[in-house]
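Participant: Dropping the structure in here first, questions after.
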Amino acid sequence: MHEDVEPKGLDRRLFLGGVGAAAAGALVTGAAGGRAWAAEDPTVQPLPREMQASGQTVSALALRTFSKIDGTPVYYWRSNRGNTVLRDWRCTYDFYDRLVVWIRDLRRLSEDGGFGKVSFLVSAGFYVNKSGQHGAGTAMDLDHVRWAGGRRCSPLDRHHSSSNRTLRRRYLAVDATCRRRFRYVLDGWYNSAHADHIHADFGGLPTLCQKGSSSDTKFVQAMCNNFMGSGLAVDGIWGPKTNGAFSTAKNRLNISGNPHTELDAWRTMLARVARHGFRDDAF
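Position in the sequence shown (first residue = 1) + 647 = our numbering.
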C-alpha cells in the first residue's frame, strides 16, 4: 500500500506536462496581455466583489480562473445555502497544482474508507483582495465536502464540535488530508475565527509536525482525544502529556521515522489518520 504518491516538483512543467495537460488547451490571453484560463462551465455566477481581482492584480499574480478542481465542482454557500451554480474562483497556478494533488489525496483516502465519489466542494474563498495568503492567491477556505450517497463533512456546520464522534473523526480525516499538502492549516480547534471553515495555505512549506505550532499541536491533541480518548486539553501547548499521547498514536499507527523532521513520516501518519477517520475507527 502506498501511503504517499508525491508528484515531484509541482511546478509549471508538472502542470503543463501532467496534472494540467488535458486543460492546457483552455489557456487564453486576457485583454491586459496576461494569461487567464477559460471558465470550465459557461453558467457561472460572479463572486463577491472582494474576490474579484482587478486586471492589474491578475497580471501581477498570474491568477488562474477555475470553477472545478480536477473536475470536482466548487460551490459558494455563504450567501445562498445549497446553491449549485458554478462560480469563477481564482488562485495562482502553483496553488491550483497543489489543490489538484490535495483533492486526489482526498478521493483516494476517503475511497479507502468506503466512501463514494467526491460529488462537490464548498468554499468560502481562495483569492481575496486583502493582505496575507488569500491576497497572494495561495489559500483556500474549505466549508463543505459532499460524497456520492450523501455523506458529508461540514466545517461550515462546525462538525469539529459535533456531539457525533463519527462527524468529528471525519472532520479530522479531511483536516489530515489538508495537512498532507498545505503547511498552515487552521481548523475549528485553532480559534473561533475558523470555527466554520478549514483554512489551508501555501506559506512555510514543507509540511512537518512542528511542536511550536499552535495549529499543529491543537490538531494532534484533538486527534488523540477523538481516536484514543486521551483526554488532553486542546490548548496548543506541546507538553509531556501531548508528547506521550503523540508517541502512542505514532506507535499504534506503525509510523517509522520522525514526523517532526521527516516529511514522509508525517505525511504517512496523516494518511493513516485520515483512513481511520473515514472508517470511523479508533487507533
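Note that the Cβ used here is the ideal one computed from N, Cα and C, for glycine as well. If you're wondering where the values come from, they're calculated on a predicted model, not measured in any experiment.
Could you give the DSSP three-state label for Arg-914: helix, strand or coil?
Facilitator: The three-state secondary structure of Arg-914, taken from DSSP, is helix.
Participant: For the beta strand (DSSP E) that contains Asp-790, what are its first and last residues?
Facilitator: 786-794
Participant: Taking DSSP's pairing of strands, which residues face Ile-845 in a bridge?
Facilitator: Leu-789
Participant: At what residues does the beta strand (DSSP E) containing Gly-891 begin and finish?
Facilitator: Per DSSP, Gly-891 belongs to no beta strand (DSSP E); it is in the alpha helix (DSSP H), 887-899.
Participant: Have a look at Gly-851, Gly-782, Asp-863 and His-923 and flag the residue whose alpha-carbon is nearest the alpha-carbon of Phe-874.
Facilitator: His-923
Participant: In chain order, what residues of the same chain lie with their CB nearer than 7 Å to the CB of Gly-851, ignoring the 5 residues before and after it?
Facilitator: Arg-830 and Tyr-831
Participant: Quick check on the DSSP output: the alpha helix (DSSP H) that includes Ile-818 runs from which residue to which?
Facilitator: As written in the sequence, residue 818 is Tyr, which differs from the Ile given in the question. Where Tyr-818 is concerned, the enclosing alpha helix (DSSP H) stretches over 812-828.
Participant: So Trp-736 is in the beta strand (DSSP E); what residue range does that whole segment cover?
Facilitator: 736-739
Participant: Cα-Cα, which of Arg-737, Asn-890 and Met-870 is closest to Met-787?
Facilitator: Arg-737
Participant: Give me the Cα-Cα distance between Trp-836 and Val-775, rounded to the nearest whole angstrom.
Facilitator: 23 Å
Participant: If we count the other Cβ atoms within 10 Å of its Cβ and call it buried at 16 or more, is Arg-812 buried or exposed?
Facilitator: Answer is exposed; the Cβ neighbour count stays below 16.
Participant: Identify every residue that forms a DSSP beta bridge with Cys-856.
Facilitator: The partner list for Cys-856 (beta bridge, DSSP) is empty, contrary to what the question assumes.
Participant: So, is Asp-752 buried or exposed, given that buried needs 16 or more other C-beta atoms within 10 angstroms?
Facilitator: buried
Participant: Return the residue from the list Gly-859, Arg-725 and Val-747 that minimises the CA-CA distance to Gly-883.
Facilitator: Gly-859
Participant: Is DSSP giving Val-769 helix, strand or coil here?
Facilitator: strand
Participant: Do the stretch 757-769 and the stretch 720-738 make contact, defined as three or more Cβ pairs closer than 8 Å?
Facilitator: yes
Participant: Please classify Ile-750: does DSSP put it in a helix, a strand, or coil?
Facilitator: helix
Participant: Is Gly-772 buried or exposed, if buried means 16 or more other CB atoms sit within 10 Å of its CB?
Facilitator: buried
Participant: Grouping DSSP H, G and I as helix and E and B as strand, with all else coil, what is Glu-687?
Facilitator: Note that Glu-687 scores 27 on pLDDT, short of 50, meaning its location in the model is unreliable; the coordinates nonetheless yield the value given after this. Note: Glu-687 maps to coil in three-state DSSP.
Participant: Measure how close the beta-carbons of Thr-854 and Trp-913 come, nearest whole angstrom, since I'm counting them as under 8 Å.
Facilitator: Contact annotation, Thr-854 with Trp-913: C-beta distance approximately 6 Å; criterion of less than 8 Å satisfied.
Participant: Span of the beta strand (DSSP E) holding Phe-874?
Facilitator: Run containing Phe-874: none in the beta strand (DSSP E); it sits in the alpha helix (DSSP H), 861-875.
Participant: Taking a contact to mean a Cβ-Cβ separation below 8 Å, would you say Phe-925 touches Ala-820 in this structure?
Facilitator: yes
Participant: For Val-920 versus Met-870, is the C-beta spacing smaller than 8 Å?
Facilitator: yes
Participant: For the beta strand (DSSP E) that Pro-720 lies in, which residues bound it at each end?
Facilitator: 719-722
Participant: Look at the alpha carbon of Gly-761 and the alpha carbon of Gly-796, and state the distance between them as a whole number of angstroms.
Facilitator: 11 Å
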